[in-house]
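Q: Residue numbers (the numbering used here): 63 to 770.
Where a beta carbon is used, it is the ideal one built from N, C-alpha and C, also for glycine.
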Amino acid sequence: MYLKSLELSGFKSFAKRSTLTFAAPISAIVGPNGSGKSNVAEAFRFVLGEQSMKSLRSKRGEDLIFNGAGEGGRANRASVKLVFDNSRHFLPLDFEEVSVERIVYRDSLNEYSINGSKVRLKDVVELLAPAHIGASGHHIISQGEADRILNASSRDRKEMIEDGLGLKIYQYKRLESERKLLKIDENIKSVASLRREIAPHIRFLERQVEKVEKAKAMKGQLVVLCTQYFSREEAYLSATRRALDEKIKGPKEALEKLERELAGAKKTLEGASSKDERLQEVISLEGKIKAAREEKDSLIRDLGRLEGEITSSEKVRAREETLARERSQESISADKLESLISLYEQESKGAKDVTVPALLSFIKKILTGFRTLLGESWQSVFSHDEDSKKELQNLKEAKNALEKKITLTEIKEKELESIRVSLRKEIEEEKDSSREAEKSIFRIIAEENKIRGTLSALSREEEALARDRGSFTRELEDAQNIIGQAVLEFKKTIPADSSGRALSREEITAIPREEQETRRREIEKIKIRLEEAGAGEGEEILKEYKEVSERDAFLSRELTDLEKSAQDLRILINDLGEKLRTEFADGITKINIEFQKFFELMFGGGTASLSITREKRAARAEIDENGEEVSLEAEREEKIEEGIEVSVSLPRKRIKGLMMLSGGERALTSIALLFAMSQVKPPPFVVLDETDAALDEANSRKYGDMVE
Ligand code: ATP
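1. Between the alpha carbons of PHE646 and LEU212, how many angstroms are there, rounded?
2. Can you say whether PRO262 is buried or exposed, counting buried as having 16 or more other CB atoms within 10 angstroms of its CB?
3. Just to be sure I understand the criterion: a residue counts if its Cβ is closer than 5 angstroms to at least one heavy atom of ligand 1. Which residues meet that?
4. Roughly how far, in whole angstroms, is the beta-carbon of PHE106 from the beta-carbon of VAL749, given that I think they are within contact range, below 8 angstroms?
5. Which stretch, first to last residue, makes up the beta strand (DSSP E) that contains ASN172?
6. With a CB to CB cut of under 6 angstroms and the five nearest residues on each side skipped, what residues in its chain are close to SER627?
7. Tell whether a beta-carbon distance below 9 angstroms holds between PRO557 and ALA564.
8. With burial defined as no fewer than 16 other Cβ atoms inside 10 Å of the residue's Cβ, what is the status of ARG294: buried or exposed?
9. Mind checking whether LEU736 and HIS194 have CB atoms under 9 angstroms apart?
10. For the pair the segment 602 to 610 and the segment 259 to 273, tell me if three or more CB-CB distances fall below 8 angstroms.
11. On the CB-based measure, 16 or more other CB atoms within 10 Å of its CB, does ILE570 come out buried or exposed?
12. For MET739, is the classification buried or exposed, using 16 other Cβ atoms within 10 angstroms of its Cβ as the cut-off for buried?
13. From what residue to what residue does the alpha helix (DSSP H) around LEU146 run?
14. Under 9 angstroms, do ARG150 and PHE108 count as touching if we go by C-beta distance?
15. Can you tell me where the beta strand (DSSP E) holding ARG119 begins and where it ends?
16. Taking the straight line between their C-alpha atoms, what separation do you get for LYS543 and ARG575?
17. Within 8 angstroms, do at least three Cβ pairs link the segment 750 to 770 to the segment 67 to 75?
18. Please give the ranges of any beta strand (DSSP E) in the segment 282 to 316, keeping only runs that are unbroken, at least 3 residues long and fully inside the region.
19. Under a three-way DSSP split, which group does THR555 fall into?
20. Who are the Cβ neighbours of LYS743 in its own chain at under 8 angstroms, not counting the five residues just before and after it?
21. Apart from the five residues just before and just after THR81, which ones in its own chain have a Cβ nearer than 6 angstroms to its Cβ?
22. So does the segment 357 to 369 actually touch the segment 478 to 492, counting three or more Cβ pairs closer than 8 angstroms?
23. Distance, Cα to Cα, GLY509 vs LYS314?
24. Using DSSP with H/G/I as helix, E/B as strand and the rest coil, what is GLU448?
25. Determine the closest residue to SER204 out of ILE506, GLY98, ALA325, with distance taken between C-alpha atoms.
26. So, with DSSP's three-state summary, where would you put THR417?
27. How long is the line joining the alpha carbons of GLU339 and ALA460, rounded to whole angstroms?
28. Roughly how many angstroms lie between the CA atoms of VAL378 and ILE489, to the nearest whole one?
29. Roughly how many angstroms lie between the CA atoms of LEU624 and MET115, to the nearest whole one?
30. Compare the C-alpha of GLY366 against each of ILE702, LYS458, ILE223 and name the closest.
31. Tell me, please, which residues DSSP counts as bridged to THR81.
32. Assign MET222 to buried or exposed, taking buried as 16 or more other Cβ atoms, counted over all protein chains shown, within 10 Å of its Cβ.
33. Give the straight-line distance between the Cα atoms of LEU284 and ASP614, rounded to the nearest whole angstrom.
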C-alpha cells in the first residue's frame, strides 16, 4: 500500500476541505451522477502535474476552482494534496511519508510543493518517475477513456509505456543533459572566441614584456654600474674636497694672520698721520716763538732807547744840579729877606688854629711867594730840577716795566721753545715707527700676494671640483629618473678593490679619472640603449600582461573544463540512450508476454503484441523550462521518431487492425495492455473511473476477476 490519502480543497465541486483515506488495497467511490466522483480522478491527474486542461475537463485553471454553489461562495484557489506512504522508500526521498501538493489560483498561477516545501513541476515529475507514475497518467483511466491508450498516437503511446516502465526519468535526465550540453557548447564557443579575441593582444603584450624584461635586465646592469660609479665618484669628490680644505687651511690662516698684521701696520701709519697735526702745531709754535722774539727784540729796543733817554736825562740832571749848586751859592739881599718876613706876617694873620697839613701848605705858600720874590732864576732852577727828576724817575719806571716785560717775554719764549722741542722729538720718534710699518706693509703685501697665488691655484682646483660635483648631481638626477630610488644604493656602498677591501682616501683620489670616465661612458651607452628600447611603463605592461595571460589561462582552463564536461555529458547522453533503448526493448518484451496472457484471458485466445515503429519525422522543436525553443542535437541527427504499434488478432475472427474492434473489444484490449504494463512495473496505484462502462456482463465479470 503506497497511497495514503487525497485531500481536496476548493477543487471543482469540493468547496470544503475533503479528505479521502485509502485504507484498503481497493477503494471504490460511489455516488449519484454529478456528485463529483470523476472530479476525484481528475484531482489525481491534477496533483501529479497534468498540463492538459482538456484532460481535466476545463478550459483554464480558473475552471478548476470551486465556483460557488447554493450554500457557499466561490473559492480563490483549488488545492489537491496526495499523501504517500514511503516507508519502503519507493520514492527517492528519505521520508516515511511524502506529500505532493498542487495549488492553482484564479490567475492560473500554479504552485507545487513536496512535503510542504515549494518546488517546481519538474521536481514533482522527477520525484514520481522512478515510481512509474508519469504525467501521461496511464494508470489513471478517466471516465470514457478506457481505450485511451489505443486511441493515442504511436508516439504518445510510446510515452505512456515509457512512463509505465519508469523510463521517463532517464529521458528527463537525457533531456537535461542535452540541454546542458547545448549550453556548454555555446559556452565553449564563446570562451574560444574570447580566447581568439585576446590572442593578438597577448602576442602584442608578450613582445612588450620581452622588451620590458630586456629593459629590466639593462636597468639591473645600470644599477650595478651606477652604484660603482656614484659611490666612487662620491668618495672621490669628498676626499678631494677634504684634501683641498686641508691644503687651503694653512694659506688661508696665514693670509688671515697677514691681514691682521696689515691692519696693525696700517693703523700705525694712520697714527703717523697725526704727526702732521703736530707738525702744524710746531709750525704755529714756531710762529708764536718768533712773535715772542720779535716782541722781546722790540722791547729790548725800547729799553735801549729808554736807557739812552735815562742817560741823557741823568746828564741833564747832573748839569742842572751843578747849575743849581752854583745858584744856591748866590746871596739873598736883606730886602728880599724882609720881603719874606712881611710875606709871612701877611699870610699868618688868618692862620690861627691850623692843622699840620695846613701849616705845611701855608709854609709852602710862603716859600713859593718868596721864590717869586727872588725872581725867575730861582724859580726856574727849582722847577727844572723838579721836572728832570720826575722825568728821570718816569724813565726809570718805564725801564723797569720794560725789563719786566722782557723777562716775561723771555719766559714765554722759553716755554714755547721747550714745547716745540718735545714736539719735534715726538715727531722724530714717530717717523721711525711709521717707517717700520711701511716696511711691514710691503713685506705683508708681498707675502700676501704669494699666498693669494697659492690660493687662487687652489680655488681653480675648487672650481674644477665644483664642476665635477655639479656633473655628479646632474648625472645622479638623470640616473634616478631612469632607474629610480635604486640608484641611491650607492650611498650605502663603500668603494673597494677587487678583493673587497675598502679603499682609503688616498687610494680613491689616486685612482686615474679615466677609470670613472670609462664607467660613465658605459652608463651613458646603457641609458641610450634603454631609451631606444622605449619600454616606458614597464610595470603597467607587466601588470596588464599578467592580468591578460591570467585571464587567458583561466579561459583555457575553463575551456578544458567545459570540454571535459561536454565529453562527460556526451558519454552520459549516450549511456542514457543506450539504457533507454535496451530497457525499453526489454520492457516491451516483458509487457508483450503479459499482454498476450491478459489478452488470451479476456478474449479466450488470439494474439496481442506491441511493436516498436520507426518513422522519419520533421525536425521537432522542444520547449525548455524557460519557454524557449531548443532543438536537441541528438534528435536532430536522428530525425527518426519511434512509436508503439499494437497488433491484435481476435480468436475466431479475421480481424487484425485496432480500428475494426468494437467499443467493448477496444476497452478489453486496452485494459489487458494496462494490466500487462502494471505487471511488469507495478505503479503505486491505479485509478479506474467506470472503465467497465462499455463491457457486457460476461466481460465485466472477467474484468472484475482481473482487477481482483
Ligand atoms: P456521473 O456519475 O454522472 O459521471 P460524477 O459523480 O462523476 O457524475 P462529476 O463529473 O465528478 O460527477 O462531477 C461533475 C459535477 O461537478 C458537476 O455537477 C459540475 O457542476 C461540478 N463541477 C465541476 N466543476 C465545478 C466547479 N468549478 N465548481 C463547482 N462545481 C463544479
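A: Reading off the structure:
1. In the sequence shown, residue 646 corresponds to position 584, counting from 1. In the sequence shown, residue 212 corresponds to position 150, counting from 1. Between PHE646 and LEU212, the C-alpha separation is close to 19 angstroms.
2. In the sequence shown, residue 262 corresponds to position 200, counting from 1. Exposed: under 16 other Cβ atoms inside 10 Å.
3. The set of residues with a C-beta under 5 angstroms from any non-hydrogen atom of ligand 1 comprises LYS74, SER75, ASN95, GLY96, SER97, GLY98, LYS99, SER100, ASN101, PHE128, ASN129, given in chain order.
4. Counted from its first residue, the sequence shown places residue 106 at position 44. Counted from its first residue, the sequence shown places residue 749 at position 687. Taking a contact as a CB-CB distance under 8 angstroms, the pair PHE106 and VAL749 counts as one, their CB atoms being some 5 angstroms apart.
5. The residue given as residue 172 occupies position 110 in the sequence shown. ASN172 -> beta strand (DSSP E) spans 172 to 176.
6. Against the sequence shown, residue 627 aligns to sequence position 565. For SER627, the CB contacts under 6 angstroms within the same chain, skipping 5 residues up- and downstream, are ILE246 in chain order.
7. Position 495 of the sequence shown, counted from the start, is the residue given in the question as residue 557. Position 502 of the sequence shown, counted from the start, is the residue given in the question as residue 564. Closer than 9 angstroms, so yes.
8. The count along the sequence shown starts at 1 and reaches residue 294 at position 232. The residue in question, ARG294, is buried, as its Cβ has 16 or more Cβ neighbours within 10 Å.
9. Taking the first residue of the sequence shown as 1, we reach residue 736 at position 674. Taking the first residue of the sequence shown as 1, we reach residue 194 at position 132. No Cβ-Cβ contact shorter than 9 angstroms links LEU736 with HIS194.
10. Touching, per the Cβ criterion.
11. By one-based count along the sequence shown, residue 570 stands at place 508. Label assigned to ILE570: buried.
12. Taking the sequence shown and counting its residues from 1, the one referred to as residue 739 is at position 677. Looking at its Cβ environment, which holds 16 or more other Cβ atoms inside 10 Å, MET739 is buried.
13. By 1-based counting over the sequence shown, the position of residue 146 is 84. Note that residue 146 is Phe in the sequence shown, not Leu. Unbroken run through PHE146 is the beta strand (DSSP E), 139 to 147; no alpha helix (DSSP H).
14. Reading the sequence shown from its first residue, position 88 is the one you call residue 150. Reading the sequence shown from its first residue, position 46 is the one you call residue 108. No; because the gap between Cβ atoms is not below 9 angstroms, this pair is not in contact.
15. Taking the first residue of the sequence shown as 1, we reach residue 119 at position 57. For ARG119, there is no enclosing beta strand (DSSP E), as DSSP marks it with neither H nor E.
16. Residue 543 sits at position 481 when you count from the first residue of the sequence shown. Residue 575 sits at position 513 when you count from the first residue of the sequence shown. According to the sequence shown, residue 543 is Asn rather than Lys. Rounded to whole angstroms, ASN543 to ARG575 spans 25 angstroms at the Cα level.
17. No: fewer than three Cβ pairs fall under 8 angstroms.
18. Listed in chain order, there is nothing to give.
19. Position 493 of the sequence shown, counted from the first residue, corresponds to residue 555. In the three-state scheme derived from DSSP, where H, G and I count as helix and E and B as strand, THR555 is classed as coil.
20. To locate residue 743, count along the sequence shown from 1; it is residue 681. Only HIS194, GLY226, LEU227, GLY228, GLY649 meet the Cβ criterion.
21. The residue labelled residue 81 in the question sits at position 19 within the sequence shown. These residues qualify, in order along the chain: SER67, GLU69.
22. Segments in contact, no.
23. Position 447 of the sequence shown, counted from the first residue, corresponds to residue 509. Position 252 of the sequence shown, counted from the first residue, corresponds to residue 314. Residue identity differs from the one stated: residue 509 is Glu in this sequence, not Gly. So the two alpha carbons sit approximately 12 angstroms from each other.
24. Looking up residue 448 in the sequence shown gives position 386. The answer is helix: DSSP assigns GLU448 an H, G or I state.
25. Taking the first residue of the sequence shown as 1, we reach residue 204 at position 142. Measuring C-alpha to C-alpha distances from SER204 to each of ILE506, GLY98, ALA325 identifies GLY98 as the nearest.
26. Position 355 of the sequence shown, counted from the start, is the residue given in the question as residue 417. Reduced to three states, the DSSP call for THR417 is coil.
27. Residue 339 sits at position 277 when you count from the first residue of the sequence shown. Residue 460 sits at position 398 when you count from the first residue of the sequence shown. Roughly 41 angstroms between the two C-alpha positions.
28. For the purposes of this step, residue 378 is taken as the residue at position 316 of the sequence shown. For the purposes of this step, residue 489 is taken as the residue at position 427 of the sequence shown. Each residue's alpha carbon lies about 57 angstroms from the other.
29. Within the sequence shown, numbered from 1, the residue matching residue 624 stands at position 562. Within the sequence shown, numbered from 1, the residue matching residue 115 stands at position 53. Within the model, the alpha-carbon separation for LEU624 versus MET115 is close to 41 angstroms.
30. Counting from one through the sequence shown, the residue named residue 366 turns up at place 304. The shortest CA-to-CA distance from GLY366 to any of ILE702, LYS458, ILE223 is the one to LYS458.
31. Translated into positions along the sequence shown, residue 81 becomes position 19. The secondary-structure analysis by DSSP pairs THR81 across a beta bridge with GLU69.
32. Locating residue 222 in the sequence shown gives position 160, counting from the first residue. Buried, because 16 or more other Cβ atoms sit within 10 Å of the Cβ of MET222.
33. By 1-based counting over the sequence shown, the position of residue 284 is 222. By 1-based counting over the sequence shown, the position of residue 614 is 552. The alpha-carbon atoms of LEU284 and ASP614 are separated by roughly 34 angstroms.
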